[in-house]
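Using the working numbering, read the sequence shown as starting at 1 and increasing by one per residue. In this text, a Cβ means the ideal position worked out from N, Cα and C, and glycines have one as well.
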Amino acid sequence: MHPSSPQFSGRLARDDFSHLLIALKQAGYQILGPVVRDGAITWGEIAKVDDLPIGWHDHQQPGQYRLEQKGTQRFFDVVHGPESLKRETFVLREPLLTIERRNKSFSVQPVLPQSTPTAMLGVRACDLAALTIQDRIFLHDQFSDPYYKTRRESLFLIAVNCTRALETCFCASMDTGPKAKSGFDLVLTEDDEDFILEAGSPAGDEIFQKLPLAPVSDARLKQDNNRIEACAASQTRKIDASRLPEILYEAYDHSRWDEVANRCLACTNCTMVCPTCFCHAVEEQPELTQQKSEHTRVWDSCFTPDHGYIHGKNFRPTIKDRYRMWLTHKLGTWVDQFGMSGCVGCGRCITWCPVGIDLTEEIHILCNQPDRAKNK
Ligand code: SF4
Ligand code: SF4
């Protein structure tokens, strides 16, 4: 440990990384981390070090995702896949309650999830920021969501500071990364030979104390910070938030919305991969006997035709309406609603959009380019 650092730091040799997995297992956590599956990175069980994506790199561009094996010893050189922490806290399908007939009445039973203490290994700064946003949505005030809360409280978060950025990343301009500043239990920075670890919570410190750590020099901490700053500086995409949200409201009638609507397929990919999107629907699944029914929450998207259908009228009938609603909410009305932006700059919506629509480009044009159609 190094007492002069703001949080105590320790150096873990690459060959000793298994001690971290052992300490987590002994503390009762199942461990999920990045694994290669079906040509992409997803969360999977990490039973041993070899389960990690050793030597893999991800390349991401608008509408493109590719993994490449570089043959290095690095464990965390992939930045992220399509999944964020969202799938662990606000799950794709969540049974909420069952309703059962009882004579001429009925009874309602909540179905709370079983929580399994889970260590999420390899969480990025942007995903920690997204979790803070989801906490604001699901846990704020007196009406906290018990399903989200149960799952959220079971998480132990091990962040990894990013030292390489993807072409689609713009967390630096959203002030959400690439350094994980808070919200983690442990954070690590990887170099060729080793990892520098810091604890960010009492639970993290308990694990930290069990590891065979060597002291860290100030020079090494500075070197790691320089690498993280270089990662931020390498990001070519950005959003200038200084004039948001007002400038977006002023662009409500901009002809660019028609142009983007001509390309958008309303496939919902951007909302599915977005770590902050929380639209959902509730499905009723009655048993054939008509005696019992299950009420289930499922992810939905503001890009579906049904999502805007209320009381016999669809108030967002066109793709233009839906894309405008999504972008204006994400970067505009979200600020009015929750006091924070709804975008953390992870870039997933850019990568996983099949036609490569890039919200940083859309915002730049909407906010900076005069509307040619209006001036004709
Ligand atoms: S809007 Fe796009 S870049 Fe922003 S948080 Fe969602 S997926 Fe990431
Ligand atoms: S991913 Fe792209 S094409 Fe699909 S709904 Fe989003 S913006 Fe439209």
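Any heavy atom of ligand 1 closer than 7 angstroms to the CB of residue i?
i	result
Gly347	yes
Cys162	no
Cys274	yes
Ala130	yes
Val344	yes
Are residue i and residue j touching if we call contact CB-CB under 8 angstroms?
i	j	result
Thr150	Pro113	yes
Asp77	Arg14	no
His19	Pro245	no
Glu83	Thr116	no
Arg93	Val298	yes
Gln235	Cys169	yes
Val160	Arg11	no
Cys264	Ile357	yes
Leu85	Leu131	yes
Glu294	Pro95	yes
Asp50	Val35	no
Cys449	Arg348	This structure cannot settle anything about residue 449, because the visible part of the chain is limited to 1 through 376.
Leu121	Leu32	yes
Ala219	Pro178	no
Val108	Ile99	yes
Cys171	Leu248	no
Pro62	Cys302	no
Cβ of residue i within 7 angstroms of any heavy atom in ligand 2?
i	result
Val187	no
Leu331	no
Pro113	no
Phe303	yes
Pro354	yes
Ala266	yes
Asn262	no
Ile357	yes
Tyr309	no
Cys270	yes
Tyr252	no
Tyr249	no
Would you say residue i lies against chain D (beta-carbon separation less than 8 angstroms)?
i	result
Ile247	Any reference to chain D falls outside this structure, which holds one protein chain only.
At a threshold of 7 angstroms, does residue i count as lining ligand 4 (C-beta to nearest heavy atom)?
i	result
Tyr323	Annotation note on ligand 4: not contained in the displayed structure, which lists ligand 1 and ligand 2 as its ligands.
How do the region 181-200 and the region 265-275 stand: do at least 3 beta-carbon pairs fall below 8 angstroms, yes or no?
no
Can at least three beta-carbon pairs, one atom from the region 48-59 and one from the region 69-83, be found at a separation below 8 angstroms?
yes
Would you check if the region 331-345 and the region 280-290 touch, i.e. whether three or more CB-CB distances between them fall below 8 angstroms?
no
Contact between the region 223-243 and the region 354-372: three or more CB pairs below 8 angstroms?
yes
Quick test of the definition: if touching needs 3 or more C-beta pairs under 8 angstroms, does the region 115-132 touch the region 176-186?
yes
Uninterrupted beta strand (DSSP E) stretches inside the region 112-186 (no shorter than 3 residues)
118-123 and 155-160
In chain order, each beta strand (DSSP E) run of at least 3 residues that lies wholly inside the region 7-91
9-13, 30-37, 40-45, 56-61 and 64-69
Taking three-plus beta-carbon pairs below 8 angstroms as touching, is the region 312-327 in contact with the region 249-265?
yes
Could you tell me which uninterrupted beta strand (DSSP E) segments, each at least 3 residues in length, are contained entirely in the region 289-360, listed from first to last along the chain?
292-299
Ignoring anything shorter than 4 residues or poking outside the region 202-260, list the alpha helix (DSSP H) runs there in chain order.
202-208, 218-233 and 246-250
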